[in-house]
Amino acid sequence: MIGLVGMLVQTMAPGVTIVPPVQPGVITVEALMRSPNVGAIGRAELTLLGETLLSDTHEYGHRQMVKLTVMSGDTVRCDVLPDCLRIRFGVSEADAASVIPLLTNILHDSELRDDDFKAAIDSLSFRRRDYWSSALEPEALRFREAHADETRALYREMGRPENLVISIAAAPNVASDLYKAWQSALATWDKTPQHLLPPNHAIPKPTFHRRGKLTTIVLRGAAIDPAAPDFATQLLAVFGLGGGKDSAVWKGLREGLGWSYRQEAILRNSSTGLEPVVEVVTVHSDADIDRSLLVRPALEKVVDKWTEADKLHAVAAAEALFSRGLGLDPLYFKGTKPASDDALFMNTYWRFKTGQNWQPQALVAAMRNVDVKTMQAAATKMLESSNVELIQGTG
Amino acid sequence: MILSAAIFSLLCGCAQQGAAPDVGQDPPRMRFRLANGSQLLVEPAAQAKNLTVHLFASAAGVDESKTSGMRHLLEHLCVKGHDGKLDERLESAGAFLQARTLRDAMDIEVDVPPGDLQMAFDALSDVMRGGGWSASDIAREAGVIEQEIALQPESGALASSLWAQAYGGNGYDPLGDIATIKATTPEQLEALRRETFASANLVLVIAGPIDLRSGIKLGTSYLNLLPATKADGAPVRAAKPGPGRAEVDAFGEARGVPAPPLSDSECVAKLCAALAIASELKDAFVTYTPSALGGMVIVGQVGEVGTLGKFIDALDEGDADEMLARARVLGHRWAIRQGDGVNSGYTRGLLMCRNPRFQFDNVSDAIDQISVADFRAAILAFNSSHAFTAVGLP
Chain H
1083 MIGLVGMLVQ
1093 TMAPGVTIVP
1103 PVQPGVITVE
1113 ALMRSPNVGA
1123 IGRAELTLLG
1133 ETLLSDTHEY
1143 GHRQMVKLTV
1153 MSGDTVRCDV
1163 LPDCLRIRFG
1173 VSEADAASVI
1183 PLLTNILHDS
1193 ELRDDDFKAA
1203 IDSLSFRRRD
1213 YWSSALEPEA
1223 LRFREAHADE
1233 TRALYREMGR
1243 PENLVISIAA
1253 APNVASDLYK
1263 AWQSALATWD
1273 KTPQHLLPPN
1283 HAIPKPTFHR
1293 RGKLTTIVLR
1303 GAAIDPAAPD
1313 FATQLLAVFG
1323 LGGGKDSAVW
1333 KGLREGLGWS
1343 YRQEAILRNS
1353 STGLEPVVEV
1363 VTVHSDADID
1373 RSLLVRPALE
1383 KVVDKWTEAD
1393 KLHAVAAAEA
1403 LFSRGLGLDP
1413 LYFKGTKPAS
1423 DDALFMNTYW
1433 RFKTGQNWQP
1443 QALVAAMRNV
1453 DVKTMQAAAT
1463 KMLESSNVEL
1473 IQGTG
Chain U
2 MILSAAIFSL
12 LCGCAQQGAA
22 PDVGQDPPRM
32 RFRLANGSQL
42 LVEPAAQAKN
52 LTVHLFASAA
62 GVDESKTSGM
72 RHLLEHLCVK
82 GHDGKLDERL
92 ESAGAFLQAR
102 TLRDAMDIEV
112 DVPPGDLQMA
122 FDALSDVMRG
132 GGWSASDIAR
142 EAGVIEQEIA
152 LQPESGALAS
162 SLWAQAYGGN
172 GYDPLGDIAT
182 IKATTPEQLE
192 ALRRETFASA
202 NLVLVIAGPI
212 DLRSGIKLGT
222 SYLNLLPATK
232 ADGAPVRAAK
242 PGPGRAEVDA
252 FGEARGVPAP
262 PLSDSECVAK
272 LCAALAIASE
282 LKDAFVTYTP
292 SALGGMVIVG
302 QVGEVGTLGK
312 FIDALDEGDA
322 DEMLARARVL
332 GHRWAIRQGD
342 GVNSGYTRGL
352 LMCRNPRFQF
362 DNVSDAIDQI
372 SVADFRAAIL
382 AFNSSHAFTA
392 VGLP
């Protein structure tokens, strides 16, 4: 019995971990494919890859994939995150034999046909993103300059075993079969390194305007390392900046300046770490530029006045979130918010990003030992290091 | 059995100020109406991490055609508490307040650590006490609401259009009309506060790690502090016949079908049909707020126009028959999500606002009993020849 339990949380070389099921009777797969640090065209190709990955594979058509997974409540999906492609699906235990074939088809045997690329380019070129995500990723990607061959090479490179971090949430009685199936599938893979074009590090041209009446102001700080020893301090500072209605963004921007309804401080994943970001959304007005210049001083003013009570509030907000699922989650992973509600994702992502387990309780414990001056210094550094980005609504 | 008898005698003791209590046993939860007209639902959930307390204030009797958005304004102002620091106090104690204004009711939700029920009651008293707002308080908050309205997601704009097409003045978006909000006077707001928080309009829900007996005792003591009032008759929300179509300032497409109360099998079939349709399309959404009145089941897609409509209009009886099994599974999953765990108090309390005897657990039976003919009719209801359509081009 002990051996069986021990086997449940184990890493299957390379990169696959089996964990207990997240819902009874369902096997859930969370797979992350590490993306290289790419430039303007590469971002477009990555987005294109995410759009076409689930079109058809050697063994499964798109409709088949949907039918196999829809009843689980986790219909197969692929999200393009700034540092990886995220694939998630669930399969009923009765279809356990399909889990590894479906996974390996997605990771290694997607068809990526020219027709699919063409359709995806047409669709992506006209897609309107919501104000929140378009502010976080303001680049206007030029999909028509993406190369089909290079996108396929990117796919093969990202699908190499060393670039994969996978969790499978499954009952003990199927774990062993999953393990064997994964090993045999892996043995047949072509693991030849791909020759990608040299990365084009030109910064994608940002969009400075957005159709519609909403203006967004973003303060984007230098990325921090989630594996660093002082990560708890950094996270506490983010809670202080944006965690709830006693936070700096609430007091300084909504209650203080009174011109925004939605304002948050978050940590957004990027290829270099986790970026502290303050995002403010406001209705477009002639005052947009002036307002963008007011955000940082308004927040610095609040941070300067932080006391022990503010620190305790930030710790309480973190504790409420991580222990009891309450409140705003500052960890932002695109469509995965609130991330802390999804332990399977967080465990997989943290392993991917830091090589360590996601241990929110340890973070909260460490936060309690941070003094208010240190928390203030971390928040001030985030604000001082940040660039102001303004995307104006056209009215 | 012994527990039930003991609880019943406890109830009789609690409610002896007036008429016999309106009691409903719906194990493991219990609901009843007190003599002052308010209602209480207690739902023990030992495994829950928080004690969740909802105060629903029914919108029965409010004529939204003249006051659209005033309830929303009231919600914004009253949740600040008497000194504007209610959130600060709660959050520093690891508690959290959320509020929403819905078509059927206003919901004030306070989540507190287990054992801190009194903290939630104190917060709700502070919310209901409110008042004393000045014209400048209203003007300032109207500015924030104007921002909130501008931020409405595209799915919300599509849904709002469908409600307006089907229900006209009875389907106003609860976000409200900004001109009405800005023109609200302190006197009007105070009158609305008194009307909204009249005891007969209130449903208190206590859900989480608390035993039934304590929850009933404490909840009853709290509600009994309120003076008795009479409930307004619930208005009938009648939909116009479809089809209909409107263009919206949003990028996407949605179909909406008016539905009778959730207790009706037709509503359940339409909801399951919408879930099955959405499962076939990438990033499609389904919107349905559980209601004991007439409601609206919506299926839509944001960022894309044409795909959803073409897909629905091509569905025939054979497709409907093939989708039925999946629709039932998805319907059950929806019912579990709404009726169990943290959402249970929200769903049941909201339904109790408009129908104290609503049995949410009957929804599962209704899903099992959807006939082939009913489901075909439900799928057909989303066809452009019957449904309301909202479309917005990029």
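From first to last, the protein sequence lines stand for chains H and U.
Residue numbers for the first sequence, in my numbering: 1083 to 1477.
Residue numbers for the second sequence, in my numbering: 2 to 395.
Idealized CB from N, CA, C, for every residue including glycine.
Computed from a prediction, not measured in an experiment: that's the story for all the values here.
Residue i (DSSP reduced to helix, strand or coil)
| i | result |
| --- | --- |
| residue 1478 of chain H | In the structure as shown, chain H begins at 1083 and stops at 1477. Residue 1478 of chain H is therefore absent and cannot be evaluated. |
| residue 51 of chain U | coil |
| residue 1404 of chain H | helix |
| residue 249 of chain U | coil |
| residue 312 of chain U | helix |
| residue 346 of chain U | helix |
| residue 1313 of chain H | helix |
| residue 185 of chain U | coil |
| residue 1183 of chain H | helix |
| residue 392 of chain U | strand |
| residue 1305 of chain H | coil |
| residue 1429 of chain H | helix |
| residue 108 of chain U | strand |
Residue j beta carbon less than 8 Å from that of residue i
| i | j | result |
| --- | --- | --- |
| residue 1408 of chain H | residue 1402 of chain H | yes |
| residue 1157 of chain H | residue 1294 of chain H | no |
| residue 285 of chain U | residue 159 of chain U | no |
| residue 1101 of chain H | residue 1249 of chain H | yes |
| residue 1454 of chain H | residue 1393 of chain H | yes |
| residue 1323 of chain H | residue 1381 of chain H | yes |
| residue 1478 of chain H | residue 1233 of chain H | No information on residue 1478 of chain H is available, as it lies outside the stretch 1083 to 1477 that chain H covers here. |
| residue 120 of chain U | residue 113 of chain U | yes |
| residue 258 of chain U | residue 241 of chain U | no |
| residue 1377 of chain H | residue 1335 of chain H | yes |
| residue 1296 of chain H | residue 1366 of chain H | yes |
| residue 1429 of chain H | residue 1439 of chain H | yes |
| residue 1358 of chain H | residue 1449 of chain H | no |
CB contact below 8 Å: residue i versus chain U
| i | result |
| --- | --- |
| residue 1147 of chain H | no |
| residue 1152 of chain H | yes |
| residue 1343 of chain H | yes |
| residue 1191 of chain H | no |
| residue 1401 of chain H | yes |
| residue 1446 of chain H | no |
| residue 1458 of chain H | no |
| residue 1408 of chain H | yes |
| residue 1398 of chain H | yes |
Reference residue i; option with closest CA among the options
| i | options | result |
| --- | --- | --- |
| residue 58 of chain U | U/148, U/196, U/127 and U/247 | U/196 |
| residue 124 of chain U | U/30, U/99 and U/33 | U/99 |
| residue 44 of chain U | U/220, U/388, U/228 and U/190 | U/220 |
| residue 346 of chain U | U/271, U/325, U/210 and U/147 | U/210 |
| residue 325 of chain U | H/1202, H/1298, H/1204 and H/1153 | H/1153 |
| residue 1405 of chain H | U/227, U/115 and U/206 | U/115 |
| residue 1370 of chain H | H/1398, H/1135 and H/1290 | H/1290 |
| residue 384 of chain U | U/314, U/61, U/83 and U/226 | U/314 |
| residue 214 of chain U | U/41, U/395 and U/392 | U/41 |
| residue 1201 of chain H | H/1191, H/1266, H/1133 and H/1358 | H/1133 |
| residue 1412 of chain H | H/1329, H/1162, H/1244 and H/1130 | H/1329 |
| residue 1360 of chain H | H/1275, H/1461 and H/1451 | H/1461 |
| residue 327 of chain U | U/291, U/379, U/274 and U/289 | U/274 |
| residue 1231 of chain H | H/1257, H/1256, H/1194 and H/1350 | H/1194 |
| residue 202 of chain U | U/352, U/49, U/29 and U/277 | U/352 |
| residue 290 of chain U | U/268, U/307 and U/282 | U/268 |
| residue 317 of chain U | U/372, U/293, U/363 and U/378 | U/378 |
Minimum Cβ-Cβ distance from residue i to chain H less than 8 Å
| i | result |
| --- | --- |
| residue 152 of chain U | yes |
| residue 101 of chain U | no |
| residue 112 of chain U | yes |
| residue 161 of chain U | no |
| residue 147 of chain U | yes |
Item checked: Sequence ranges, alpha helix (DSSP H) only - wholly within the segment 114 to 181 of chain U, length at least 4 -> 118 to 130, 136 to 151 and 155 to 168
Checklist line | Within the segment 1195 to 1271 of chain H, ranges of the beta strand (DSSP E) (whole runs, at least 3 residues) | finding: 1246 to 1251
Next item on the list: Enumerate, from N- to C-terminal direction, the unbroken alpha helix (DSSP H) stretches of 4 or more residues contained entirely within the segment 1347 to 1388 of chain H.
Entry: 1370 to 1386
Checklist line | Contiguous beta strand (DSSP E) assignments of at least 3 residues, all confined to the segment 350 to 395 of chain U | finding: 389 to 393
Checklist line | alpha helix (DSSP H) runs wholly inside the segment 60 to 98 of chain U, at least 4 long, in chain order | finding: 65 to 68, 71 to 79 and 87 to 93
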